[in-house]
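Enquirer:
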Amino acid sequence: MTLRQEQVNTSPIVSDEVKYTTCYMCACRCGIKVHLTDGQVRYIEGNPDHPVNKGVLCAKGSSGIMQHLSPARLSAPLKRTGPRGSGEFEEISWEEAFDIATGWLGDIRKTDPKKLAFFTGRDQSQSLTAFWATKFGTLNHAAHGGFCSVNMAAAGLYTIGGSFWEFGEPDWELTRYFMMFGVAEDHDSNPIKTGLGRLKTRENTKYVSINPVRTGYSAIADEWIAIRPGTDGMFVMALIHELLKSQKVDLDFLVRYTNAPWLVRSEEGHPEDGLFLRDEHGNPLAWDKNQGQPVNALLPDIVPELSGVFEMPDGSKARPAFELMARRYLEQKYSAIEAAEITGIPAQTIRRIAAELAHAAFEQEIELDVAWTDWAGRKHDKMIGRPVSMHAMRGISAHSNGFHTCRAIHLLQMLLGSIDCPGGFRYKAPFPRPCPPGPKPTGKPGQVNAGEPMPGPPLGFINGPEDLLVNEDGSPCRIDKGFSWEHPFSAHGLMHMVIHNAWAADPYPVDTLFLYMANMAWNSSMNSQGTMEMLTDIDETTGEYRIPHIIYSDAYASEMVSYADLVLPDTTYLERWDCVSLLDRPISTAHGPADSIRQPVVQPDRDVRPFQDVLIELGARLGLPAFSNEDGSAAWPGGYSDYLVNHERMPGIGPLAGWRGADGDQHGKGDPNPAQLDRYIENGCFWKHDLPESQQYYKHANKDYLEFSHSMGFIPSSDQIVMQLYSEPLQRFQLAARGHGSVQPPEELRERIGKFFDPLPIWYQPIEESMVPLDEYPIHAITQRPAAMYHSWGSQNAWLRQIHGYNRLCMHRDLARELGVADDDWVHVESHHGKIKAQVRTMTGCEKNTVWTWNAIGKRRGAWNLEDDAAEGEKGFLLNHLISELLPIDDDGKKRRMSNSDPVTGQAAWFDLRVRISKAEAGEQVSEPQFEPIRPVPGVQKRPKILRFGEQFLPKGSWRRKDQS
Ligand code: SF4
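Residues 14 to 978 (the working numbering) make up the sequence shown, in order.
1. Return yes when at least one heavy atom of the ligand SF4 lies under 6 Å from the C-beta of Leu979, else no.
2. Is Cys448 closer than 7 Å to Gly174 when the C-beta atoms are compared?
3. Using alpha carbons as the reference points, say which of Cys823, Val401 and Leu425 lies closest to Thr172.
4. With a 10 Å radius around its C-beta and 16 neighbouring C-beta atoms as the bar for buried, classify Asp976 as buried or exposed.
5. Quick check: does the Cβ of Lys494 come within less than 6 Å of any heavy atom belonging to the ligand SF4?
6. Give me the Cα-Cα distance between Ile238 and Cys859, rounded to the nearest whole angstrom.
7. Comparing the CB of Ser202 with every heavy atom of the ligand SF4, is any distance shorter than 6 Å?
8. Provide the residue span of the beta strand (DSSP E) that contains Gln797, from first to last.
9. Would you give the residue range spanned by the beta strand (DSSP E) that Pro1002 belongs to?
10. Would you mind sorting Gly807 into buried or exposed? The rule is 16 or more other CB atoms within 10 Å of its CB.
11. Return yes when the Cβ of Arg814 is within less than 7 Å of the Cβ of Trp535, no when it is not.
12. Using the Cβ count rule (16 or more neighbours within 10 Å means buried), how would you classify His294?
13. How would you label Val316, buried or exposed, when you count the other beta carbons within 10 angstroms and need 16 or more for buried?
14. Which residues does DSSP pair with Gln852 in a beta bridge?
15. Note down, one range per segment and in chain order, each beta strand (DSSP E) of at least 3 residues found wholly within the region 33-109.
16. What does the alpha-carbon distance come out to for the pair Arg974 and Glu964?
17. Tell me which same chain residues have a C-beta within less than 7 Å of the C-beta of Leu773, skipping the five on either side of it?
18. Which complete alpha helix (DSSP H) runs does the region 760-816 hold, if anything under 4 residues is left out?
19. Quick check: what's the CA-CA separation for Ala389 versus Lys441?
20. Return the chain-ordered list of same chain residues with a C-beta closer than 8 Å to the C-beta of Ser978, the five sequence neighbours on each side being excluded.
21. What does His825 pair with, by DSSP beta-bridge criteria?
22. Is the beta carbon of Lys32 within less than 6 Å of some heavy atom of the ligand SF4?
23. Is Gly487 near the ligand NAP, in the sense that its beta carbon is under 6 Å from a heavy atom of that ligand?
24. Is Thr23 buried or exposed, if buried means 16 or more other CB atoms sit within 10 Å of its CB?
25. Between Lys67 and the ligand SF4, is there a pair consisting of the residue's CB and a ligand heavy atom that are separated by less than 6 Å?
26. Of all the options Glu898, Ala368 and Met725, which has the alpha carbon lying nearest to the alpha carbon of Phe681?
27. Taking buried to mean at least 16 other C-beta atoms within 10 Å of its own C-beta, is Leu343 buried or exposed?
28. Spell out the partners DSSP gives Ala130 in its beta bridges.
29. Hey, would you say Tyr454 sits closer than 7 Å to Leu472, going by beta carbons?
30. Contact between the region 642-657 and the region 125-132 is defined here as three or more beta-carbon pairs at a separation below 8 Å; is this criterion met?
31. Reducing DSSP to helix, strand and coil, say where Asp29 ends up.
32. Can you find a C-beta in chain B that's less than 7 Å from the C-beta of His154?
33. Taking 6 Å as the line, does the beta carbon of Met38 fall inside it for any heavy atom of the ligand SF4?
34. What did DSSP end up calling Asp976 once you bin it into helix, strand or coil?
35. Which value, in whole angstroms, describes the spacing of the CA atoms of Met467 and Ala143?
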């Protein structure tokens, strides 16, 4: 008898054509090869030559076929015909869709451009969308970073001129001690998986995961530390305390590469107390030991003091930043014993980790025989490495104390001397960039005018109160209150506040909310139910919706589609041109800069258009500068692919860095090359430049690298990039809170600014947690992302739904025992804001007082064209219903409720959530809350009971199961 498996051909020829492009099943941007048979997608594999994934493809990536074929795909532009939320639409032509959109947007632009709020979700064309908003003239633009991880990005950019993920990565080949903070499985997915694989196959390495939940990456850690949510900052500061106490810090690194020696004015009450002393040219000063006087701290070969009080010739007094830092963290309140109380990590564990870090950094030093030249022209014949590296992500970021925690992690890296050295954390081009970073945001009074573009981009980086986007009375200029006294360093805006503020007309009403790929009627909002109500709320004075117009573009029938007035259907990622640009969030590695494109591997079979084409066309029809010519014709008649090749943001610099110049022989800077996209396609749809050995490390101070970076247009000059252990921009806000300076905070925010703006990292109890009675809400509740799903997208995917069809509330067995619940029981979970019902799963791999669930698996019934009784809607649930976008009401109820965000950056603080849990009757075994099922919108496929893929490729008469005949 022949066994069936013997008949299986393990290497069948699956296609008659292969096209390269870039995956978009999550944000990692891996290179893929799409196999086609008769022009149809047959199979997806990883591109082995690609710098991001080197051939590795994850479950999501290979399931891209089912995303491309999803029954939830929209198929034509839609105009709302029933009430918002009803799902009643009619199909319209693109011409009518453009007429409606340009009618609304044209009126706004002619009268008051800020009445357009244009926000995008997880799109990868933010350099285009921000450029479009600038030319439209609205300051009310951002992507989803404020909801995601702006704390990580902003803290890194203000501290070390880079950050994690797109900004940098561990030196996977050489690191010996790797610490990962708060990372779930969705970010930097394949690179981390392959990196961890490489790390764990080497001898004498250790991987420590600090995370309240042990899933995914944490599951394979050599040591898992079950920290209490929101306390990572205190843990890191206790490590710093231990390192300082045992004098295990890299003073050479601090002197050479950081502002540790810079002199900080120490004169209480002085209007410049806490700012750096500077010479007449604006250079910071240090006290030179040899000369016994203050000198320009940026000069090479000075021997600066790191401690002491120094009197300047004009009588002013100052201390080096290092001393201020060391004094702070040597305080008893940062000791291991005190930190143990807060973090739940035993003091001996904290001390041991500190000792292990010091041992790896200083006893296992790496020397590479690679010559390099530093910024001052000094030659070095070796590269010295401290093989300790770190990575952190949303678990740190999504707390109201996340900015300072991220800064603390970077401070720890600096003290260990493990930034951009062999074995340490490594920058990815275009980083490092100068810190504090630039450019500044635009949108001050006078910069937003009817019929005009803004003079600069809506998002940016501020340096002090004078850069805020506020009116004369201190009130916010932006609809999300970004860059205001409420959230001054909000480099990515506050997407999570847009709908609330627009609904409340606070600080003013908007006319049109224009969203792209942002599922804000469900999982991309806090307070999802309230958000749906705001989207449908009628203004009694006008009889119109409080947010009069909503335009939404998406490829799929997400929850948000039902709330739009006009739906612009997007293509799938396999049907479009796209660009992963160095102007945006590129695919560079530590080995060199890189970017990539997507090409249409198949043509749409529906009346849909790529959003980027639509945006460019809208820009032309509205007559926006840069999108239209003087004669009114379109500047980019060929759409996004035309723009990618021919647009120059600055002379010689465009969206793509590879094969520039008329002959395609220039990289970085060069004239547009009409054949540029062909060259990308020939090369597998990516471009990369490998840095020579001498430029691989110390990029912040490596002369050759800095000159290269400048020549590519990444940085404005090839000056050394000095890391900011002590942050002067933050101190400027501290001074404002004390009454100094011409731009002053409103009185009701003065105390808040004074409390949260500290030039050195601080830890404070997460704000929501500090405002709710902890005896009533004793349990932390957080979400994690699974490796097999990317936000809400995955649940329409027939293959991925089989992995995560619904989510459970996971809790430690000891907590379950205390609560009197067991596996499969149903519970009520209540916060100060709301109540849900969910089904329990017990485990031991989580902090005892923390419950968690997979995010965005739960769906509103009927959304994503799922059956009304799909598990995602019946059993799946969202924690978002428990999270308010506003902080709890104060005791007296008189104070204005602030947003539930980090006070520094505006990062949504959705991991600050505290809850109580009680056993519930199972009843119908359905999660709560439930809402009216969403009706299928016109043009989506009939909901199939069983999704089949591949039958069309089988030879006629092939075997198939009887029930499939
Ligand atoms: S990690 Fe993300 S980009 Fe890479 S293959 Fe998986 S889904 Fe695609």
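No residue lacks a Cβ here, since even glycine has one placed at the ideal position from N, Cα and C.
Expert: Considering the structure as presented:
1. Limits of the chain in this structure are 14 at one end and 978 at the other, which puts residue 979 out of reach.
2. yes
3. Leu425
4. Annotation note: pLDDT 47 at Asp976 (below 50); position unreliable, coordinate value reported separately. Per the 10 Å Cβ criterion, exposed.
5. no
6. 10 Å
7. yes
8. Ile792 to Gln797
9. The structure shown does not extend to residue 1002, since the chain is modelled only from 14 through 978, so no value can be given for it.
10. buried
11. no
12. exposed
13. exposed
14. Trp839
15. 44-50, 53-59, 91-93 and 102-104
16. Note that Arg974 scores 48 on pLDDT, short of 50, meaning its location in the model is unreliable; the coordinates nonetheless yield the value given after this. Roughly 12 Å between the two C-alpha positions.
17. Leu337, Met338, Arg341 and Tyr739
18. 760-769 and 780-784
19. 22 Å
20. Per-residue confidence for Ser978 stands at a pLDDT of 36, beneath the threshold of 50, marking its modelled position as unreliable; the derived number appears in the next sentence. Cβ neighbours of Ser978 beyond the five flanking positions: none.
21. Met856
22. no
23. Summarising the ligand content, the structure contains the ligand SF4 and does not contain the ligand NAP.
24. exposed
25. no
26. Here the sequence assigns Gly to residue 681, which means Phe is not the residue at that position. For the residues Glu898, Ala368 and Met725, the minimum Cα distance to Gly681 belongs to Met725.
27. exposed
28. Leu526
29. Note that residue 454 corresponds to Pro in the displayed sequence, not to Tyr. Yes; because the gap between Cβ atoms is below 7 Å, this pair is in contact.
30. no
31. coil
32. The question asks about chain B, but that chain is absent: this structure has only one protein chain.
33. yes
34. Residue confidence for Asp976 is low, a pLDDT of 47 falling below 50, so the modelled location carries little weight; the figure read from the coordinates is stated next. Correct three-state label for Asp976: helix.
35. 11 Å
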